[in-house]
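Asker: In the UniProt record's numbering, the protein residues as written are 1 to 334.
Ideal placement from N, C-alpha and C gives every residue a C-beta, glycine not left out.
Computed from a predicted model, the values in this text were never measured in an experiment.
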Amino acid sequence: MDFNGKVVLVTGGTGSFGKKFVRKMLELDVKKVIVLSRDELKQYEMSQEFTDPRMRFFIGDVRDSERLNRAFDGVDIVVHTAALKHVTACEYNPFEAVRTNILGAQNVIDAAINRGVKRVIALSTDKAANPINLYGATKLASDKLFVAANSYVGDCPTRFAVVRYGNVVGSRGSVIPFFHKIRSTGRLPITDERMTRFWITLDQGVQFVQDCLGRMKGGEIFVPKIPSVKIVDLARVIAPECDLDYVGIRPGEKLHEAMITEDDARKTVEFDDYFIIKPEYPLWLDDHEADHYGGRPLHERFSYSSHTNTHWLTDSEISQYLGEYAWPLMPATR
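1. To test your reading of the DSSP string, which unbroken beta strand (DSSP E) runs of 3 or more residues are found completely within the stretch 20-69?
2. Would you tell me roughly how many angstroms separate the C-alpha atoms of Gly248 and Leu255, rounded to the nearest one?
3. What first and last residue would you give for the alpha helix (DSSP H) that runs through Val87?
4. What are the boundary residues of the beta strand (DSSP E) that Tyr152 is part of?
5. Using only alpha-carbon positions, find the residue among Ser303, Leu322 and Met55 that is nearest to His180.
6. Pick out whichever of Asn150, Val168, Asn167 and Ile182 has its Cα sitting closest to the Cα of Phe160.
7. Span of the beta strand (DSSP E) holding Ile221?
8. Just the C-alpha distance for Trp199 and Gln207, rounded to the nearest angstrom, thanks.
9. Excluding sequence positions up to five away, which residues of its chain have a Cβ less than 6 Å from the Cβ of Asn309?
10. DSSP has Ser305 in a bridge; who is on the other side?
11. Closest to Arg296 by C-alpha separation, out of Ile276, Ser306 and Glu280, would be which residue?
12. Go through its chain and collect everything with a Cβ distance to Ile102's Cβ below 8 Å, but skip five positions before and after it.
13. Looking at His211: is its Cβ nearer than 9 Å to the Cβ of Arg164?
14. Quick check on Val10: does DSSP put it in helix, strand or coil?
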């Protein structure tokens, strides 16, 4: 996709992904990059780091539809990352999660259509596939809203799609900073020695979103092919000197994560580096367009889960991933 001369807005743009994505956009010949978020301190700190004259910072909340309508004026591309993401906090404050993750998603959709934004991509999570906690359920609802939004754009040029991926190396919610913080105690808590997760770096996530902005037709859920890691292997690479305490799976947590379920697989097509979950009801596409996403159909009973993945990170690959960050690593013991 040609980003030259485009105005790009990122909701929740002071987060880990947002900052990396903004930096990537500023390497291109964009006209303007707007960060919309509700934390003035984070915006101030980010403005000290990002001094490009094309930067704009808007205080606002995705719960506020009027503010979104003002902020989206003249915007070409929206990347929606704002969400309440902490599993326990969402369970304890359920309607707050609904207000931000579901009602906020609808506000983004309405403002984008009202202002004629060309393309909108919403970031999702592996927890939206067969959700067992409220956070995952709200993100599943959000995904459904963004896919269905293509049905009622009318003559408006706006198109919506979703990107779904797993844990991000080094993000604020990652277990890695936690392990580094407590390694000095000599013990690391592990929920279950069998636990697995998908893994992606911030750079990979940002590049994937940028690529999907170029390839989207509207209504897709894009899923990258990324490696899996055993949490126990991650702990041993980060702190091989530590003993591991198995504390049991926490409420709202899965042993393994999935990004494509068996039911979703029936409408999913595969490419070399990613999957596309096609919309169930592509009412905005004619029959020809709906049948021509390309890709290869998946076999019966296929699912894309972290424990059945064919790509697993080795110890050396884990060290290489972690080497992108400023944490000291001791040599692995195996």
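Answerer: Judging by the given coordinates:
1. 32-37 and 55-59
2. 10 Å
3. Val87 to Tyr92
4. That residue, Tyr152, is in no beta strand (DSSP E); it is neither H nor E in DSSP.
5. Leu322
6. For the residues Asn150, Val168, Asn167 and Ile182, the minimum Cα distance to Phe160 belongs to Asn150.
7. Ile221 to Pro224
8. Between the C-alpha atoms of Trp199 and Gln207 there is a straight-line separation of about 15 Å.
9. Ser228
10. Looking at the DSSP assignment, Ser305 forms a beta bridge with Ala258.
11. For the residues Ile276, Ser306 and Glu280, the minimum Cα distance to Arg296 belongs to Ile276.
12. Thr138, Ala141, Ser142 and Leu145
13. The sequence given here has Asp at residue 211, not His. No.
14. strand
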